[in-house]
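A.B. asks: Read in the working numbering, the sequence shown has 505 at position 513, and its numbers run on one by one without any break.
Ideal Cβ placement from N, Cα and C applies to all residues, glycine included.
Before we start, here is the structure in question, set down as structure tokens.
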Amino acid sequence: MKAKEVLRRYADGERNFRGVNLRGCSFKDKDLSGADFSEADIRRANFTNAKLRGTNFSGAKAGLQRRWVIALMIVAWLMAIISELFYTISLAGLLYVLSEDAELNSSGKIINILVLSVIHLIFFYFTIRRGLVAGISSFAVAGAIAVSGAITIAGAFAGAGAFAVAITVAVAGSIAVAGAVAVTVALAFAIAVAATVTGVFAVTVAAALAFAVTIARVFAVAVTVAVTVAIAFVLLSAYVSWRALKGDERDAWIRSFAIAFAAIGGTSFRGADLTDTNFTGAKLKSTDLRDAILICTRWRDVKKLDCVRPGNSYLNNQQVQQLVITRNGQNQDFSQLINLRGINLAGANLIDANFQGSDLSQANLQQANLTDANLMGANLNFVNLQNANLSRAKLVQTQLSASDLKSATLTGACIEDWGISNSTKLEKINCDYIFLKLPTEHDRDPQRRPSDSKRNFQPGEFIKLTQKIANTVDLIFNDGIDWQVFIETFQGLRVESKTGELPVVQTIENKGDGAFVIRVKVPEDVDEGKYERKFWQQYQPLLQAKDEQIALLSKQTESYHKQIEHIRQENTKLLEIIGTMVEKETSKVNMTFNGPVQTTTGNVEGNQDID
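Put into structure tokens, the structure is as follows:
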């Protein structure tokens, strides 16, 4: 179907595009919420900034059109061929100079070639073990050391000819490695576009051999060696490219470049709202999903999800990609993947999975099996957990405000300091018993409810227990409490409620290491989240102002003490000066009275009494 016809149908209110050929059509900034694109061909279609809430793309085929695939493959092949020829020419020329230079004896030539070989081996070793960047770095360091040594030796023994050879080794060697890097990236492009490297191997190696045959008469030995090394570089480049595209972190940057290159001209969902959109079974290779809203988007059995441009979403991690495709996260560790906001894991098997500290807000875990899962400190606000199996799950400090746990199973779960609110839906919960503290090796059943280990909850008892907790706010102080500021904030915070009730402190719990948890009972018609936000909005500025005041007083006191010390020191100096002056004056007086005194009646010796 032509693009004009498609847009005309859209303008007429048509929302059923099931199985329609939409290649190259633009729906940029359009509102297609609830439309049906199942089984449609949307290759190179543009959905940039479109509103696609609840849209069905199940079984759709996205990505590149065939002519774009061919064009990108040709570009990738040309890059690989040119890079490889560039490398071969540079290496052959370098070897020819080293072997034919008249000013070098045979020993010097052999040493130079051996040094060049060692540098290349170092590059190969570090590239394979630690990645291409490490290989380049090692080559640069080894090359710099070798050239420095060559220049020193050249200046001392061999003259200007050997110095020129040393410079040639440096320049040509750098060009050669630059060519090898270009080959690696170009091959990664080709693999990302065509998912095969056979053609690139054939064309690249054939080009190198053809070049060798053409100029073999000029310097046959150098060309033969260069072509052999060039083929080795092609194989190394192909291996590194394949490894990078498989998700190896050592060369993740190559994968990012290759996928970005392969997505040129592909289907674009950039900036689109894909909330509740269904991509089940779709093929999404070479698709741009940057800046898209991916809340509760369904990815089950999607093909080539690892070849999309995911931006900064949860799809940026290959482990998470496999999780949303297969819905199987049993025994896996997702604790370091903080950003899982909006992920759709409805019906997933998450037994013994670890989501500690992860942000799962606005996610969908409906009917998921979370038996023994570790959700400690996770953010599960606004999460759909209907019918989820949370048996023995660790819900310590897990935030569940406005989450839906209808018909969920919580038997054996630990709910220590979990964050639920009036908006948390806990209807029809399946729960035989619960733990209010995290089990330890020494205490397997800490604060079990019901306390009698032989008794389980009767219908409605769990709801009554949680309702007592639901109308509370846990204020967590990790670095101690300033009680004066706390009282001032608590008394100054007035909450308007229809019942006229005021917040009441229920418990104060010392967690050790300066950490405290204060549980505040609030009226039923008060939103716990708003109360907590208001508390911290008042507590933190007051605490900061007090700290600043104390710091100011401390500075003033310190300044006062410095002034006192300065005055004391000045007084000490003044007293010393006065003492010195007194000593001098006393000395003069003594000298006056100890000398002879001339009188009119004659000489009178000193030390006489004077009336």
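To the nearest whole angstrom, what separates the beta carbons of residue 466 and residue 496, a pair I think is in contact under 8 Å?
C.D. replies: No, residue 466 and residue 496 are not in contact; Cβ-Cβ is about 14 Å, not under 8 Å.
A.B. asks: Using the three-state DSSP reduction, which class does residue 471 fall into: helix, strand or coil?
C.D. replies: In the structure shown, the three-state DSSP call for residue 471 is coil.
A.B. asks: What residue range does the alpha helix (DSSP H) around residue 507 cover?
C.D. replies: Residue 507 -> not in any alpha helix (DSSP H); beta strand (DSSP E) instead, spanning 507 to 513.
A.B. asks: Would you be able to state if there are at least three C-beta pairs under 8 Å between the stretch 274 to 292 and the stretch 320 to 332?
C.D. replies: no
A.B. asks: For residue 371, which option in 386, 480, 379 and 363 has the closest C-alpha, if you only look at C-alpha atoms?
C.D. replies: 386
A.B. asks: Determine the DSSP secondary structure at residue 413, reduced to helix, strand or coil.
C.D. replies: In this structure, residue 413 counts as coil in the three-state DSSP scheme.
A.B. asks: From what residue to what residue does the beta strand (DSSP E) around residue 358 run?
C.D. replies: According to the DSSP assignment, residue 358 belongs to no beta strand (DSSP E), since it is labelled neither H nor E.
A.B. asks: Is DSSP giving residue 433 helix, strand or coil here?
C.D. replies: Note: residue 433 maps to coil in three-state DSSP.
A.B. asks: Beta-carbon separation of residue 377 and residue 395 under 9 Å?
C.D. replies: yes
A.B. asks: Am I right that residue 358 and residue 338 are in contact with their C-beta atoms under 8 Å? What's the rounded C-beta distance?
C.D. replies: 4 Å
A.B. asks: Sort 481, 227 and 287 by Cα distance to residue 44 and report the nearest one.
C.D. replies: 287
A.B. asks: Among 484, 245, 26 and 511, which residue has its Cα nearest to the Cα of residue 526?
C.D. replies: 484
A.B. asks: When the Cβ atoms of the stretch 264 to 271 are set against those of the stretch 45 to 60, are three or more pairs found closer than 8 Å?
C.D. replies: yes
A.B. asks: Given 8 Å as the limit, is there contact between the stretch 245 to 262 and the stretch 300 to 319, that is, 3 or more CB pairs closer than that?
C.D. replies: The stretch 245 to 262 makes contact with the stretch 300 to 319; the number of CB pairs closer than 8 Å reaches 3 or more.
A.B. asks: How is the beta strand (DSSP E) around residue 439 delimited, first residue to last?
C.D. replies: That residue, residue 439, is in no beta strand (DSSP E); it is neither H nor E in DSSP.
A.B. asks: Is residue 388 closer than 9 Å to residue 409 when the C-beta atoms are compared?
C.D. replies: yes
A.B. asks: Contact check, residue 457 vs residue 441 under 8 Å by CB: the rounded distance?
C.D. replies: 6 Å
A.B. asks: According to DSSP, which residues form a beta bridge with residue 406?
C.D. replies: 386 and 427
A.B. asks: Just to confirm before moving on: does the CB-CB distance between residue 413 and residue 393 stay below 9 Å?
C.D. replies: yes
A.B. asks: Could you name the residues of the same chain whose beta carbon sits closer than 6 Å to that of residue 27, not counting the 5 residues immediately before and after it, in chain order?
C.D. replies: 7 and 47
A.B. asks: With H, G and I counted as helix, E and B as strand and the rest as coil, what does DSSP make of residue 498?
C.D. replies: Per DSSP, reduced to three states, the secondary structure at residue 498 is strand.
A.B. asks: Please report the residue range of the alpha helix (DSSP H) in which residue 247 lies.
C.D. replies: Segment 244 to 254, the alpha helix (DSSP H) holding residue 247.
A.B. asks: In terms of residue numbering, what span does the alpha helix (DSSP H) encompassing residue 311 cover?
C.D. replies: 310 to 318
A.B. asks: Do you know how far the Cα of residue 519 is from the Cα of residue 477?
C.D. replies: 23 Å
A.B. asks: Residue 401 by DSSP, collapsed to three states: which one?
C.D. replies: strand
A.B. asks: Distance cutoff 9 Å, beta carbons only. Does residue 14 sit that close to anything in chain D?
C.D. replies: Reference to chain D is not applicable here, since this structure consists of a single protein chain.
A.B. asks: How should residue 552 be labelled, buried or exposed, when 16 other C-beta atoms within 10 angstroms of its C-beta is the threshold for buried?
C.D. replies: Per the 10 Å Cβ criterion, exposed.
A.B. asks: Given residue 416, which residues of its chain have a CB within under 6 Å of its CB, disregarding the five upstream and five downstream residues?
C.D. replies: 392 and 395
A.B. asks: Any contact of the stretch 235 to 245 with the stretch 13 to 31, i.e. 3+ C-beta pairs under 8 Å?
C.D. replies: no
A.B. asks: Just to confirm my understanding: we take residue 275, look at its own chain, exclude 5 residues before and 5 after, and list those with CB closer than 8 Å. What are they?
C.D. replies: 52, 53, 54, 55, 294, 295 and 296
A.B. asks: Check whether the stretch 416 to 425 touches the stretch 521 to 535, taking contact to mean three or more Cβ pairs, one atom from each stretch, closer than 8 Å.
C.D. replies: By the criterion of at least three beta-carbon pairs nearer than 8 Å, the stretch 416 to 425 is not in contact with the stretch 521 to 535.
A.B. asks: When you compare only the Cα positions, how much space is there between residue 367 and residue 111?
C.D. replies: Computed Cα separation, rounded: 50 Å.
A.B. asks: Roughly how many whole angstroms lie between the Cα atoms of residue 265 and residue 49?
C.D. replies: For residue 265 and residue 49, the distance between alpha carbons rounds to 13 Å.
A.B. asks: Between the C-alpha atoms of residue 407 and residue 432, what's the straight-line distance to the nearest angstrom?
C.D. replies: 14 Å
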